[in-house]
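Structure, as structure tokens:
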Amino acid sequence: MEGTAMDTAVTEIRALLDRARDAWNRGDGAAYGTCFTDDAVDVTFVGTVYTGGDEIGRAHQALFDGFLKGTRLHMEIIGIHRHGPDTAIVVTRGDVAKKTPGKLGKVATYTLVRAADGRWRIAAVQKTKHKGLMEAVSFRLQPATRPGAGATP
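Everything in the sequence shown is counted per the numbering used here, starting at 1116 for the first residue and increasing by one.
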């Protein structure tokens, strides 16, 4: 893919995730749901599975009106991996809190697709709670499990 097209796609991908974060921060479940495809899958870090933008938006509105009221979605993109012109995998660190968290304790993997209208949408997201202590023990006991272990310079 040519550089300019790649740069444009990355800008559009970042804008989509910004729209999702902004909708979350406003407590707007409907707007949040429009960031997803009609058949999207959202797997929360507690294991709940929501299907489709409408359901994701509806469920999140209930959360925004309840115990997630006033929370903000904090997100840092770790990497954007393109798989052709219309598909990308985005890995983020993030968290949900009313104040800026000291550390971002969740990892999310987004599968993004470019829809027929040319706009990027979230087709799937899987959120996982980062378990730093367990990860550190694993790396100490099995150094080869550390990301990048054994990579040649």
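Don't be surprised by glycine CBs; every beta carbon is placed ideally from N, CA and C.
Keep in mind the model is a prediction, meaning the values are calculated, not measured.
- Contiguous beta strand (DSSP E) elements confined to the region 1188-1265 occur at 1202-1212, 1221-1229 and 1235-1244, taking only those with 3 or more residues.
- In the pairwise beta carbon analysis, the region 1178-1195 is classified as touching the region 1206-1217: at least three pairs are separated by under 8 Å.
- Here the region 1126-1133 lies against the region 1223-1236, with 3 or more beta-carbon pairs under 8 Å apart.
- In the structure shown, the three-state DSSP call for phenylalanine 1179 is helix.
- Counted as a single uninterrupted DSSP element, the alpha helix (DSSP H) harbouring glycine 1148 occupies residues 1144-1148.
- Less than 8 Å divides the Cβ of lysine 1242 from the Cβ of alanine 1223.
- Leaving aside the five residues that flank glycine 1172 on each side, the residues in its chain whose CB is nearer than 8 Å to its CB run, in chain order, Gly1144, Ala1145, Ala1146, Tyr1147, Gly1148, Thr1149 and Phe1151.
- Take aspartate 1201, set aside five residues on each side of it, and the residues of its chain with a beta-carbon closer than 7 Å to its own are Val1228 and Arg1229, in chain order.
- A Cβ-Cβ separation of about 14 Å leaves valine 1161 out of contact with valine 1240 under the 8 Å criterion.
- Between the C-alpha atoms of alanine 1251 and glycine 1263 there is a straight-line separation of about 15 Å.
- In the DSSP assignment, threonine 1166 forms a beta bridge with Val1156.
- Considering only Thr1215, Ala1177 and Ile1204, the residue with the shortest C-alpha distance to arginine 1236 is Ile1204.
- The beta carbons of alanine 1155 and glycine 1167 sit closer together than 8 Å.
- With respect to the 8 Å criterion, alanine 1124 and arginine 1197 are classified as neighbours on the basis of their beta carbons.
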